[in-house]
Amino acid sequence: MIIKKIRLKNIRSYIDEELNFPLGITLLSGDIGSGKSTILLAIDFALFGIRRGELSGNALLRNGTTDGFVNLNFLIDNKDIHIKRVLKKTSNGILQDSGYLTINDVTVELTPVELKQRILQLLNYPQEMLTKKSLIYRYTVYTPQEEMKLILLGEKEARIEALRKVFNIDKYKRIKENSKFVLGEVKSRKKEFILLSSDLENKKLNLKEKEIEFIKVNESIELNKNRLKVGSELLLNKKQSILEFEESIKNFNNFKKDFDILNNNIKNKFDIKSRNLNQLSLLEKQILDLNNNIKIINFEDLKNKILDNEKLLENLERELREITNNKIEISTKKKSSEEIKSSISKLDFCPLCKQNISLDHKHAVNSREDELIIKLNEDIGFFLGKENELLLKIKEIKDLIKEHKNHEKEYEINKIRLNDLEQKKNLFNNLKKEQEEIEIFINTLNSKKALLENDINSLKNIENDYLNAKKEYELLLEEQRKLELNVALLNKDFYNLNSEITKIEIEIENKEKAKEKLDYYNKLQDWLENFFVNTMELIERKVMLKVHTDFNLLFQKWFNMLIDNEIIKVRLDEEFTPLIEQNGHDIEYENLSGGEKTACALSYRLALNQVINTIISFINTKDLIILDEPTDGFSSEQLDKIRGLLDELNMKQILIVSHESKIESFVQNIIRVNKKGHVSSFS
59 MIIKKIRLKN
69 IRSYIDEELN
79 FPLGITLLSG
89 DIGSGKSTIL
99 LAIDFALFGI
109 RRGELSGNAL
119 LRNGTTDGFV
129 NLNFLIDNKD
139 IHIKRVLKKT
149 SNGILQDSGY
159 LTINDVTVEL
169 TPVELKQRIL
179 QLLNYPQEML
189 TKKSLIYRYT
199 VYTPQEEMKL
209 ILLGEKEARI
219 EALRKVFNID
229 KYKRIKENSK
239 FVLGEVKSRK
249 KEFILLSSDL
259 ENKKLNLKEK
269 EIEFIKVNES
279 IELNKNRLKV
289 GSELLLNKKQ
299 SILEFEESIK
309 NFNNFKKDFD
319 ILNNNIKNKF
329 DIKSRNLNQL
339 SLLEKQILDL
349 NNNIKIINFE
359 DLKNKILDNE
369 KLLENLEREL
379 REITNNKIEI
389 STKKKSSEEI
399 KSSISKLDFC
409 PLCKQNISLD
419 HKHAVNSRED
429 ELIIKLNEDI
439 GFFLGKENEL
449 LLKIKEIKDL
459 IKEHKNHEKE
469 YEINKIRLND
479 LEQKKNLFNN
489 LKKEQEEIEI
499 FINTLNSKKA
509 LLENDINSLK
519 NIENDYLNAK
529 KEYELLLEEQ
539 RKLELNVALL
549 NKDFYNLNSE
559 ITKIEIEIEN
569 KEKAKEKLDY
579 YNKLQDWLEN
589 FFVNTMELIE
599 RKVMLKVHTD
609 FNLLFQKWFN
619 MLIDNEIIKV
629 RLDEEFTPLI
639 EQNGHDIEYE
649 NLSGGEKTAC
659 ALSYRLALNQ
669 VINTIISFIN
679 TKDLIILDEP
689 TDGFSSEQLD
699 KIRGLLDELN
709 MKQILIVSHE
719 SKIESFVQNI
729 IRVNKKGHVS
739 SFS
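Listed below in structure tokens is the structure:
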């Protein structure tokens with residue numbers, strides 16, 4: 059972790075200031091009370107928020123303001139991180155509001171607890187630190203010097219408990235405490251499994267008894283099943299016999315039915331035969347009468363005569379129409395001549411030329427028309443004679459055609475009579491043939507009737523045989539039902555016994571499992587009581603010994619570096635309490651000089667820092683350390699030794715808060731903190 063910059067808004071003596079932190083060793087220089095430690099508290103607040111009993115909102119928010127914030131920018135694993143924590147004054151006091159976390163320009167708003175959780179993840183601190191004091195940060199990155207002195211002077215139990223938490227050694231204590239709880243649970247489970255595994259042998263004996271009973275029931279079931287099988291075969295055979303009897307009865311009834319049908323058929327055939335004889339006699343008489351009444355006519359000659367006369371009639375009628383037309387035409391001409399004569403006698407002037415008509419002209423016209431009228435009268439007389447002649451011929455032809463057609467009708471009547479005669483002859487022949495067939499059929503029916511009488515006589519006792527077979531079947535069926543009921547009852551016993559056996563087997567299995575569990579928990583109890591707890595204590599002692607050894611060597615190293623005096627020696631006792639020896643005598647921490655106390659506290663702090671960074675190697679704060687007034691009470695010679703100490707630390711970023719001007723000579727960067735009128739600023 060490398061801090062890049064911090065911005066403080068309304069934090070203690072700062073109104074709104076931003077400070078950049080370079081790499082290397084940086085000194086925050088300024089008078090006492092100028093606001094140097096506020097920067098360190100602001101860094102602490104930005105990372106972990108306010109904490110009851112450690113860092114309150116009242117200690118941070120500037121008096122007279124209602125809100126403020128700290129925005130810290132730092133690098134972890136090449137990630138550029140900004141964290142902003144906000145303080146707000148409310149009626150309930152000064153509280154944290156939601157803050158913001160930005161990683162590589164991606165910003166999310168988080169609650170104070172969520173912010174702390176994300177920061178612990180980024181710093182790679184154990185998650186159990188979320189609800190605890192940030193001891194790793196306190197003992198590695200930043201510890202107020204006075205707080206470190208309090209650790210040295212505090213109760214041994216509190217100090218060792220704090221160190222156990224820092225090095226996560228307290229987990230072994232928790233494991234031992236948890237093992238006691240587990241042991242209690244084991245004993246409780248043992249009681250449970252003792253109860254569950256009890257009565258195991260009795261259950262096994264009960265199982266054997268049930269299995270013997272089960273075998274007997276199964277044998278009875280098989281015996282009855284065999285009886286059922288034999289009974290089923292007998293029933294099947296008897297059923298088959300009954301079906302055969304039923305089929306025979308059906309045949310018997312069919313024979314009787316067929317016998318009745320044959321009798322009816324024979325009677326019907328005799329009736330038909332009698333009717334046919336009567337009809338044959340009648341037909342014979344009708345055929346004789348028809349033969350006597352039929353006249354033979356040449357139909358083709360008659361038809362040709364009708365056609366010839368019809369053609370002749372057509373020609374005569376056409377000729378008559380021509381004569382009539384000629385007569386009408388001549389009459390029309392005659393009438394025209396008469397009209398001319400009448401009109402010329404009445405005219406004096408020509409209606410066309412308007413000339414006077416003379417008597418001679420009139421006489422000439424009358425003479426001409428009279429001659430024409432005479433000629434026309436002769437023609438009319440000729441055509442009248444022809445017309446009368448044709449009318450007479452037409453009448454004769456029509457009478458002849460009528461006579462021929464009457465003959466044609468008579469032919470049709472004869473034709474019908476001939477057809478009737480033919481049909482009656484055919485019917486007569488068919489009846490004769492039918493009579494012969496009826497005689498043959500009656501003989502056949504009588505033969506079948508005789509056979510049916512034999513079949514009926516052979517089956518006259520079938521109904522008694524059928525009833526006897528049915529009674530035997532009912533008796534067998536009743537016996538079979540009794541066997542089936544017995545098998546059903548045995549099956550019920552079989553399934554009940556099987557269920558009981560299964561239930562007992564499950565109980566035995568569960569009891570055996572419970573016994574196995576009991577054996578397991580006996581071994582587990584023995585392992586917990588006689589091995590596990592002792593092993594945890596051994597591991598805890600070895601880990602504590604390793605921590606103590608490394609811690610003690612580093613503590614002595616840093617102290618000897620700061621106090622170059624063979625008279626004073628330091629070491630750690632088993633509770634990590636510094637023991638100070640001067641001239642072979644043990645002396646108390648309180649009896650040291652101010653510089654020696656500071657050297658002892660700083661050495662303890664640096665040793666703790668290195669041991670934590672070594673053991674908890676995965677944390678991301680190994681490149682940073684903040685030293686708050688590390689030289690309080692140091693002599694000039696001791697201040698000179700700080701240079702070598704800082705070089706020995708070999709960290710990427712070291713922040714020192716001090717008002718000692720001499721330190722400025724061996725740091726790489728100096729940030730001066732000034733305070734004027736209760737307002738701090740940087741230069």
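Every position in the sequence shown, counted from 1, becomes a number in our numbering once 58 is added. In this text, a Cβ means the ideal position worked out from N, Cα and C, and glycines have one as well. Computed from a prediction, not measured in an experiment: that's the story for all the values here.
Do residue j and residue i come within 7 Å of each other at the CB atom, strictly closer than that value?
i    : j    : result
L541 : L320 : no
I60  : L105 : no
I300 : K528 : yes
V669 : D622 : no
L703 : A657 : no
S661 : F724 : no
K268 : L543 : no
V731 : G93  : yes
I364 : S395 : no
V224 : I684 : no
I83  : Q614 : no
N129 : R196 : no
L697 : T689 : yes
D744 : K146 : Lying outside 59 to 741, the shown extent of the chain, residue 744 is not represented and no answer is given.
I728 : E722 : yes
K261 : I559 : no
Ends of the alpha helix (DSSP H) at residue i?
i    : result
T672 : 652 to 673
E633 : Neither: E633 is in no alpha helix (DSSP H) and is coded neither H nor E.
D690 : D690 -> no alpha helix (DSSP H), and no H or E assigned at all.
Y158 : It is not in any alpha helix (DSSP H) - Y158 instead sits in the beta strand (DSSP E) that spans 151 to 161.
F740 : F740 -> not in any alpha helix (DSSP H); beta strand (DSSP E) instead, spanning 737 to 740.
Going by DSSP, what residue range makes up the beta strand (DSSP E) through residue i?
i    : result
S237 : Taken as a continuous stretch (DSSP letters only), S237 belongs to no beta strand (DSSP E), being part of the alpha helix (DSSP H) at 228 to 255.
I684 : 682 to 686
K147 : 137 to 148
L98  : Premise fails: L98 lies in the alpha helix (DSSP H), 94 to 106, not in any beta strand (DSSP E).
G82  : 82 to 87
G126 : 125 to 134
E75  : 72 to 78
S716 : 711 to 716
R65  : 60 to 69
L113 : Neither: L113 is in no beta strand (DSSP E) and is coded neither H nor E.
I645 : 643 to 645
V199 : Neither: V199 is in no beta strand (DSSP E) and is coded neither H nor E.
E167 : 164 to 168
Exposed or buried, residue i, counting other C-beta atoms within 10 Å across all chains shown (16 or more means buried)?
i    : result
F589 : exposed
G91  : exposed
K734 : exposed
L335 : exposed
F634 : buried
H643 : exposed
H421 : exposed
N373 : exposed
Y553 : exposed
Can you look up residue i in the DSSP assignment and give me helix, strand or coil?
i    : result
I330 : helix
F762 : With the chain running from 59 to 741 in the structure shown, residue 762 is simply not present.
I729 : strand
L188 : Low per-residue confidence applies at L188: pLDDT is 46, beneath 50, and the placement is therefore not dependable, though the value from the model is reported in the following sentence. If DSSP states are grouped into helix, strand and coil, L188 belongs with the helices.
T382 : helix
R701 : helix
L543 : helix
In terms of alpha-carbon separation, which member of the options lies closest to residue i?
i    : options                : result
S401 : I83, V423, R730, F225  : V423
L489 : I330, N383, D523, H419 : I330
F132 : Q711, L534, I520       : Q711
D89  : S716, S723, I728       : S716
L292 : E532, L417, E648       : E532
L637 : N610, W616, G653       : N610
L118 : K699, I73, L85, L86    : I73
I386 : I438, I209, N182, M602 : I438
L211 : N446, L596, L612, A659 : A659
Measuring only from the beta carbon, is residue i closer than 6 Å to any heavy atom that is part of the ligand HEM?
i    : result
E396 : Judged by which ligands are present, the structure shown has none, so any question about the ligand HEM falls away.
Checking contacts by CB at 7 Å: is residue i closer than that to chain C?
i    : result
L374 : Reference to chain C is not applicable here, since this structure consists of a single protein chain.
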